[in-house]
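Step one of this worksheet: look at the structure below.
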Amino acid sequence: CYFLINDLSYMRIPSSYFPDDTIDEKISKKFKKEIVRFYTNYNCSQEIESKLIVSLLIDSDVNNLIITLRKNELTVNDSINLLNNREDLFEELLENKILFEAKGIVFLFTDIRFVKYTPFYLIKILPMRYEKGEISLDQYLHHLKLLINPLKEKSSFLDYTII
Numbered sequence: 005c006y007f008l009i010n011d012l013s014y015m016r017i018p019s020s021y022f023p024d025d026t027i028d029e030k031i032s033k034k035f036k037k038e039i040v041r042f043y044t045n046y047n048c049s050q051e052i053e054s055k056l057i058v059s060l061l062i063d064s065d066v067n068n069l070i071i072t073l074r075k076n077e078l079t080v081n082d083s084i085n086l087l088n089n090r091e092d093l094f095e096e097l098l099e100n101k102i103l104f105e106a107k108g109i110v111f112l113f114t115d116i117r118f119v120k121y122t123p124f125y126l127i128k129i130l131p132m133r134y135e136k137g138e139i140s141l142d143q144y145l146h147h148l149k150l151l152i153n154p155l156k157e158k159s160s161f162l163d164y165t166i167i
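Under the working numbering, think of the first position of the sequence shown as 5, with each following residue one higher.
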C-alpha cells in the first residue's frame with residue numbers, strides 16, 4: 005500500500021513585478037483594477053479541477069516566459085518569440101489572465117506557484133477507508149503514525165513549502 009506523506013497543489017498569486025506609475029500611470033491603474041477584479045472572483049479549487057493551468061504549465065515555452073516575466077516586462081514580439089511564435093498560445097495566456105498586455109508591453113498578471121504540504125486532511129478520511137475495508141488496521145495505524153509524528157516535532161501544523 006502506498007501512502008501520501010506530502011501533497012502538492014498550485015495557486016495563482018499576484019506577480020511581484022508589475023507596472024507602476026513610473027512606467028505608465030494609465031497602465032498601472034488598469035493593471036491594479038484588473039488584479040482586484042480577478043481576485044475578487046478567483047476560485048482556486050475550481051481552477052485546479054479544470055486542469056487548465058496544468059495543461060499550460062506543461063509547455064516549457066510557457067514556463068520560460070513566466071520565469072522571464074517574473075523579473076521584467078517584455079514587448080509583445082519578444083513574448084511571442086519566447087513562445088516559438090505561437091500567437092494562439094499567447095492569446096490563450098492573455099484570455100486566462102496569466103499575462104497582461106497594454107500598449108505593446110507584456111507583464112506577468114498572475115504568477116503560478118506550487119505548494120508542497122503535509123496532507124493532514126487525510127486523517128478524517130482514514131477511518132472511512134478502514135471501515136470500507138480499503139485498508140487494513142495495520143495500514144490505518146501506520147498512516148496515522150506517519151501523519152501525526154511530524155506534528156509532535158513542530159509547534160504548528162502549518163507545514164508547507166512554496167516551490
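Backbone N, C-alpha and C fix where the C-beta goes; we use that ideal spot for every residue, glycine too.
For residue 9 and residue 148, believed in contact at Cβ under 8 Å, the rounded distance
Their Cβ separation, rounded to whole angstroms, is 12 Å, which puts residue 148 and residue 9 out of contact at 8 Å.
If I measure Cβ to Cβ from residue 42 and keep anything under 8 Å in the same chain, skipping five residues before and after, which residues do I get?
In its chain, beyond the 5 residues on either side, 101, 113 and 114 have a beta carbon closer than 8 Å to the beta carbon of residue 42.
Is residue 43 helix, strand or coil when you go by DSSP?
It is helical.
Proximal residues to residue 61 (C-beta, below 7 Å), its chain only, five neighbours per side dropped
Same-chain partners within the cutoff: 67 and 116.
Boundaries of the alpha helix (DSSP H) in which residue 194 is found, first to last residue
No information on residue 194 is available, as it lies outside the stretch 5 to 167 that the chain covers here.
Rounded C-beta distance between residue 74 and residue 19? I'm assuming under 8 Å.
With a Cβ gap of about 7 Å, residue 74 and residue 19 count as contacting.
Count the other C-beta atoms from every protein chain shown that fall within 10 angstroms of the C-beta of residue 57, then say buried if there are 16 or more, exposed otherwise.
By the 10 Å Cβ count, residue 57 comes out buried.
Residue 170 classed as buried or exposed, judged by whether at least 16 other C-beta atoms fall within 10 angstroms:
Missing from the structure shown is residue 170; the chain here goes from 5 to 167 and no further.
Three-state secondary structure assigned by DSSP to residue 109
In the three-state reduction of the DSSP assignment, residue 109 falls in the strand class, which pools E and B.
Those runs of the beta strand (DSSP E) which lie wholly inside the segment 80-145 and span at least 3 residues
Whole beta strand (DSSP E) segments, 3+ residues: 103-106, 109-112 and 114-121.
Hey, out of 153, 154, 155 and 130, whose CA is closest to residue 143's CA?
Minimum Cα distance to residue 143 is reached at 130.
Run the CB neighbour count on residue 71, radius 10 Å, all protein chains shown included, and call it buried at 16 or more, exposed below.
An exposed status is given to residue 71, since fewer than 16 other beta-carbon atoms sit within 10 Å of its beta-carbon.
Could you please give the first and the last residue of the uninterrupted alpha helix (DSSP H) stretch that includes residue 71?
Here the alpha helix (DSSP H) through residue 71 covers 64-73.
So what does residue 17 bridge to, in DSSP terms?
115.
Can you look up residue 27 in the DSSP assignment and give me helix, strand or coil?
Residue 27 falls in the coil class under three-state DSSP.
For residue 105, which of 86, 47 and 77 has the nearest alpha-carbon?
Looking at 86, 47 and 77, the one whose alpha-carbon comes closest to that of residue 105 is 77.
Where residue 152 sits in the DSSP three-state scheme
Helix, per DSSP.
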